[in-house]
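Asks:
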Amino acid sequence: MSGLRTVRVPLGERSYDVLVGHGARSELASLLPTTARRAAVVTQPGIPLEIDPGIPFDVFQIGTGEDHKHLGTIESLCRSFARVGLTRNDVVIGVGGGMVTDVAGFAASVWHRGVPVVHVATTLLGMVDAAIGGKTGVNLPGGSGDGGKNLVGAFWQPSGVVCDLDALATLPPRERRCGNGEMAKYHFLTGDDLLAMDEVERIARCVEIKADVVASDEREGGRRALLNYGHTLGHALEIETGHEIAHGEAVAVGLVYAAHLARVLGRIDDARVEQHYAVVHGAYELDTRLPDGVDHTRLLSLMAKDKKALTSLTFVLDGPAGVEVVPDVAAEAVLEALAAMAAHG
Ligand SMILES: NC(=O)c1ccc[n+]([C@@H]2O[C@H](COP(=O)([O-])OP(=O)(O)OC[C@H]3O[C@@H](n4cnc5c(N)ncnc54)[C@H](O)[C@@H]3O)[C@@H](O)[C@H]2O)c1
């Protein structure tokens with residue numbers, strides 16, 4: 000098919016292809032394992048993308064939203080797989096955004112102790128992030144110290160991924176914004192001018208950057224943390240606003256904050272801070288302001304609890320050697336950068 004880009008995720012015997020382009024779903028059958036006699040398609044109501052895996056298949060709908068991303072959904076999917084006789088040679092196909100591909104991937108990782116999974120990403124965030132890299136899982140509901148987001152899961156690489164840009168035509172504007180928030184971070188991870196690329200090229204390049212990082216650190220022991228650029232303040236804002244601000248929107252604010260913090264620490268200059276605004280606000284038209292009335296000291300204490308911060312305040316920050324993990328950041332610098340950001344306008 001013309002205009003289709005293929006990006007390889009190089010992981011030795013677990014390597015796979017990601018097909019990016021308008022109409023890429025027509026190539027889905029080529030990504031399925033040759034052993035598969037039937038497929039279990041996991042999706043959600045309201046996802047309009049029709050697929051044809053080229054083998055007999057059953058469709059299983061899961062609920063929409065994070066409230067349905069739990070172990071009960073995995074159990075009910077596995078019961079459905081049992082009912083249709085899905086064998087260890089067959090395949091699971093996740094068709095949806097990050098919620099669906101996380102759930103379908105995790106169900107595939109435990110069904111018969113692991114069956115192949117292929118993802119068809121239908122959100123921008125799924126295409127540039129969630130469907131690539133093999134992290135799967137569900138939330139443990141419960142807010143009193145015995146629960147949390149994505150706490151139960153597995154590393155389970157797909158056998159292939161389809162990013163069909165036709166799906167983006169029906170994506171609600173807020174979901175598109177959230178995808179743009181994640182996409183914006185890739186602008187700072189390499190020297191590429193992503194804005195000069197058309198949409199297919201740009202998404203394919205983001206996939207390539209993620210593939211490169213994942214290939215060098217499949218299980219998140221080090222370099223993979225770079226993919227959390229902008230996420231430290233982002234997570235704190237999600238919690239502080241009771242998730243009124245969505246993940247990708249929070250990452251957008253977090254990206255410009257990370258630039259201010261790097262500036263306070265003398266790692267980058269004012270012009271580089273402005274480049275962050277130019278991408279996040281200028282090109283993607285995302286809001287870069289801190290929400291009104293948000294308490295800086297509260298944000299500081301939430302950021303100190305970030306999962307990267309094992310022993311000290313730790314951030315992913317831009318600098319002379321590019322974006323890297325920076326431990327032991329002083330609380331005063333964190334607050335100074337919040338103040339600088341609030342004053343920036
Ligand atoms: N595994 C990873 O590496 C990774 C990375 C980032 C995020 N995630 C996970 O991804 C999830 C968020 O993913 P998301 O932002 O794609 O949200 P989502 O999967 O919840 O989808 C958002 C909404 O858009 C709808 N939708 C999906 N595709 C559509 C389409 N083409 N047209 C119309 N509506 C469509 C969905 O039904 C849903 O209502 C979170 O659970 C997060 O934890 C995982």
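For the sequence shown, numbering that gives the first Met the number 0 gives the first residue as 0, with consecutive numbering after it.
Just so you know, even glycine gets a beta-carbon here, dropped at the ideal spot from N, CA and C.
This one's a predicted model, so the numbers in the text were calculated from it and none came from an experiment.
1) Can you find a heavy atom of ligand 1 that lies under 8 Å from the Cβ of Asn227?
2) Is His373 near ligand 1 - that is, is its Cβ less than 8 Å away from at least one heavy atom of it?
3) Compute the beta-carbon to beta-carbon distance between Leu139 and Leu124, rounded to the nearest angstrom, for a pair I have assumed lies under 8 Å.
4) Within the continuous alpha helix (DSSP H) that includes Gln274, where are the two ends?
5) Would you be able to state if there are at least three C-beta pairs under 8 Å between the region 189–198 and the region 45–58?
6) Under the assumption that Leu312 contacts Ala330 (Cβ atoms under 8 Å), give the Cβ distance between them as a whole number of angstroms.
7) Within the present structure, is the beta-carbon of Met196 separated from the nearest heavy atom of ligand 1 by less than 8 Å?
8) Cβ atoms of Val127 and Val212: under 9 Å apart, would you say?
9) Exposed or buried, which one is Gly24 when buried takes at least 16 other CB atoms within 10 Å?
10) Assuming Glu200 is part of the alpha helix (DSSP H), what are its boundary residues?
11) Determine the extent of the alpha helix (DSSP H) in which Lys184 is found, giving its start and end residues.
12) When burial is assigned at 16 or more other CB atoms within 10 Å of the CB, is Lys134 buried or exposed?
13) What does the alpha-carbon distance come out to for the pair Ile73 and Val102?
14) Threshold first: 4 residues or longer. Then list the alpha helix (DSSP H) segments lying entirely within the region 31–74, N to C.
15) Looking at ligand 1, does it come within less than 8 Å of Thr121, judged from the CB to the closest heavy atom?
16) Note down, in chain order, each residue of its chain lying with its Cβ closer than 6 Å to the Cβ of Leu298, except the 5 sequence neighbours on either side.
17) Do you know offhand how far Phe314's Cα is from Thr34's?
18) Classify Thr169: buried if its beta carbon has 16 or more other beta carbons within 10 angstroms, exposed otherwise.
19) Hey, which unbroken runs of the beta strand (DSSP E) at 3 residues or more fall wholly within the region 274–330?
20) Please classify Glu237 as buried or exposed, where buried requires at least 16 neighbouring CB atoms within 10 angstroms.
21) At which residues does the alpha helix (DSSP H) containing Tyr228 begin and terminate?
22) For Gly190, which of helix, strand or coil comes out of DSSP?
23) Considering only residues of the same chain and omitting the five flanking positions on each side of Tyr276, which have a CB-CB separation below 7 Å?
Replies: With the structure as the only source:
1) no
2) Summary: the structure shown does not reach residue 373, with the chain confined to residues 0 through 344, and so no result is reported for it.
3) Leu139 to Leu124, Cβ: 22 Å. No contact.
4) Asp269 to Tyr276
5) no
6) 7 Å
7) no
8) no
9) Sequence inspection shows Arg at residue 24; the Gly mentioned does not correspond to that position. When all chains shown are included, Arg24 counts as buried.
10) Glu198 to Ser215
11) Pro172 to Tyr185
12) buried
13) 7 Å
14) none
15) yes
16) Ala235
17) 45 Å
18) exposed
19) 314–316 and 323–325
20) buried
21) Note, Tyr228: premise wrong, no alpha helix (DSSP H); not H, not E.
22) coil
23) Val255 and Thr287
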